[in-house]
Amino acid sequence: MQRSEMEDPVADSSADDTEIQSTAASEMTNSPKEAVTQPDGTPTSNSQAEEGLAEAGASSASCDMAEELSRQLEDILSTYCLEDGGVGGEDAAVTNGQPDGVEVNGLSEKEGGKQEEAKLNGNGCTEKDQKKLQDKKKVKGLGKEITLLMQTLNTLSTPEEKLGGLCKKYAELLEENRNAQKQMRVLQKKQTQLIQEKDQLRNEHSKAILARSKLESLCRELQRHNRTLKEDGVQRARLEEEKRKEVTSHFQVTLNDIQVQMEQHNERNANLRQENMELADKLKKLIEQYELREEVRDTKIKDEERRALLEGRIHLLNFLFYFVFYSSQETTMYRSRWESSNKALLEMAEEKTLRDKDSESLQVKVQRLEKLCRALQIERNELSKKVQGVSTGVESKPETETGSPSEATDSEEGSPVHQNSAETPRTACSPACHCAPDLEAETPREVCSAQD
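Okay, structure coming up:
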């Protein structure tokens with residue numbers, strides 16, 4: 020029942036929200052029409068301004084109320100959801116520490132529920148009853164096991180075998196007892212954990228009840244707020260409808276005015292077209308005249324360019340004529356000079372050949388004179404030796420008388436002083452001496468070298 024009560028206000032609040040959104044959308048759609056249809060932007064009357072102020076105040080109040088409600092809801096969620104998350108984390112940590120908590124969860128819940136009920140009725144009585152029940156179950160189980168054991172022992176023949184069988188059975192029962200004790204400890208731990216979980220779940224349940232009560236109060240407030248918003252939306256819709264009608268009428272009037280203006284503009288456009296056509300014809304004529312003038316100007320410019328080219332060519336031809344005339348004169352002058360220089364060269368070559376012949380004949384004469392000079396020098400040397408021999412023979416006679424004159428003469432002949440004295444007549448030659456041809460032979464050599 021409580022869940023249904025919770026769901027109903029939530030559904031009402033969602034329906035109210037959808038209606039509010041639809042009204043807001045209609046307002047948004049109607050607002051651009053107003054913006055389009057009222058280009059002047061001037062208010063129609065003072066009542067519209069008052070209505071706008073009232074709407075602004077209502078919208079601000081609704082926004083404040085919505086903010087307060089959203090803040091309260093966030094506080095509730097932050098307080099209760101965070102606590103639930105912390106408890107859930109602790110439970111998960113406890114169950115993760117247990118290896119087989121999931122498989123034995125249903126059984127443990129049932130056992131925990133029975134034990135809690137027994138605690139509520141009376142802790143001491145329940146424990147005694149449970150012990151009695153367990154003892155009865157054990158006795159029943161032991162009776163069956165004893166009968167089975169006696170049957171197995173009757174099958175054995177010797178008492179030793181029976182004793183060994185009893186020992187084996189005892190060892191098996193000990194192991195089973197130990198395993199049962201271990202399982203009992205594990206189950207006791209799980210029982211304590213489940214008790215803790217149950218306590219936590221009770222606390223969470225109480226918190227959830229508180230949160231539900233707060234959420235119900237919030238939902239009621241939201242319903243009230245939504246109702247007020249609905250009423251405001253209906254009023255706004257009525258006002259917007261009235262405004263829309265006014266705007267449509269104003270829009271129709273403006274459309275009629277625009278149509279009239281369009282007709283006037285069409286007439287003006289027709290007149291302007293005719294004027295434009297006339298102006299286009301005038302422009303075409305002016306363009307044709309301008310093109311003719313351009314052609315005439317181009318022809319004049321071309322004629323002037325041709326004249327300038329012809330004058331330049333004439334100047335070039337005159338320059339070339341004078342250049343050719345002066346160059347021909349220069350060539351004739353240089354040709355005459357070349358011919359005269361050729362003649363001079365030929366004459367010089369002939370003179371050179373003649374002088375070469377003269378120099379050859381003179382060289383032959385010089386060679387002959389040199390040979391004669393050498394022969395004369397040889398004769399002179401021989402004669403000088405003979406003269407020295409005669410002079411030494413004349414002087415040897417008085418020296419023999421005095422003693423060893425020959426040795427003195429010999430020493431004088433071998434000495435360089437005597438030789439110089441003997442050769443002194445060569446320097447002081449007479450005009451009729453034969454040394455003169457040497458000088459004559461040297462002079463023609465100098466003359467030949469100068470001519471070359």
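In our numbering, the protein residues as written are 20 to 471.
The beta carbon of each residue, even a glycine, is placed where N, CA and C say it ideally should be.
- About 15 Å separates the CB atoms of Leu-96 and Leu-241; that is not less than 8 Å, and the two are not in contact.
- A straight line joining the alpha-carbon of Met-84 with that of Gly-252 spans about 16 Å.
- Burial state of Cys-186 is exposed, judged by a 10 Å Cβ sphere holding fewer than 16 other Cβ atoms.
- Judged by their CB atoms, Leu-229 and Gln-91 are not nearer to each other than the 8 Å cut-off.
- Distance between Leu-328 and Asp-317, taken at the CA atoms: about 16 Å.
- Looking at the backbone, the Cα of Asn-173 and that of Asp-148 are separated by about 38 Å.
- Beta-carbon to beta-carbon, Gly-184 and Thr-171 are separated by about 6 Å, close enough to satisfy the 8 Å threshold.
- Here the alpha carbons of Leu-298 and Gln-308 stand approximately 15 Å from one another.
- Under the 10 Å beta carbon count, Glu-216 is surrounded by 16 or more other beta carbons and is classified as buried.
- Rounded to whole angstroms, Leu-339 and Tyr-345 show a C-alpha spacing of 10 Å.
- Residue ranges of uninterrupted alpha helix (DSSP H) with 4 or more members are absent from the region 251–315; none lies entirely inside it.
- Pairing Lys-188 with Leu-220 gives a Cβ-Cβ distance that is not under 8 Å.
- Separation of Glu-401 and Arg-393 (C-alpha to C-alpha, rounded to the nearest whole angstrom) is 12 Å.
- Here Ser-225 carries a helix assignment [DSSP, helix/strand/coil].
- Of the residues assessed, Val-315 falls on the exposed side of the cut-off, its CB having fewer than 16 other CB atoms within 10 angstroms.
- Under a 10 Å Cβ-count criterion, Glu-286 is classified as exposed, with fewer than 16 other Cβ atoms of the shown protein chains found around its own Cβ.
- Straight through space, the alpha carbons of Glu-259 and Thr-267 are spaced by roughly 12 Å.
- His-244 and Gln-254 have their C-alpha atoms roughly 15 Å apart.
- In the structure shown, Ser-176 adopts coil according to DSSP, grouped into three states.
- Counting of Cβ neighbours within 10 angstroms places Val-385 among the buried residues, the total reaching 16 or more.
- When rounded, the separation of the alpha-carbon atoms in Lys-262 and Val-272 is 15 Å.
- The beta carbon of Glu-86 lies closer than 7 Å to none in the same chain, with the five residues before and after it left out.
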